[in-house]
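Take the sequence shown: its letters are residues 2 to 82, numbered as in the numbering used here. Glycine included, C-beta positions come from ideal geometry on N, C-alpha and C. Notes for the one structure printed next.
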Amino acid sequence: MTQKYYTKKLLPEYIQAISKARLRDESKSYYLQEDRDPLHGIKSFSNVAYNAKEMNWIDRIVHPAQSPDLNAIEGIWNILF
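Right under this line is the structure:
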């Protein structure tokens, strides 16, 4: 996946989902969980993805890159294979 794809296709979906959830219940906090992949805009303030999240007040929970302990699908792969 590229940063362009993430920023144009995936991130708008996340922003829209969080925005809708905020409208339904303003008393809760909503977070976007990401790993430290540079395309998520973690390392650079001039990054398009970083700026899009900041402009939309998206709070992030940042985890280590490729951490199987924090990735729910990894447990499923162990069961399937």
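Inter-residue Cα distance where the pair is residue i and residue j
| i | j | result |
| --- | --- | --- |
| V49 | T8 | 7 angstroms |
| D60 | K54 | 8 angstroms |
| L1 | Q17 | Residue 1 lies beyond the range of the chain shown here (2 to 82); nothing can be said about it. |
| L81 | Q4 | 30 angstroms |
| L33 | N79 | 25 angstroms |
| Y51 | L40 | 9 angstroms |
| M2 | E14 | 16 angstroms |
| Y6 | L12 | 9 angstroms |
| P65 | R37 | 6 angstroms |
| G42 | A22 | 23 angstroms |
Distance CB(residue i)-CB(residue j) smaller than 9 angstroms
| i | j | result |
| --- | --- | --- |
| N57 | S30 | no |
| I62 | E35 | yes |
Range covered by the beta strand (DSSP E) that runs through residue i
| i | result |
| --- | --- |
| Y32 | 32-36 |
| I62 | 60-64 |
Span of the alpha helix (DSSP H) around residue i
| i | result |
| --- | --- |
| K10 | Looking at the DSSP string, K10 is not in any alpha helix (DSSP H), and its letter there is neither H nor E. |
| E55 | 49-56 |
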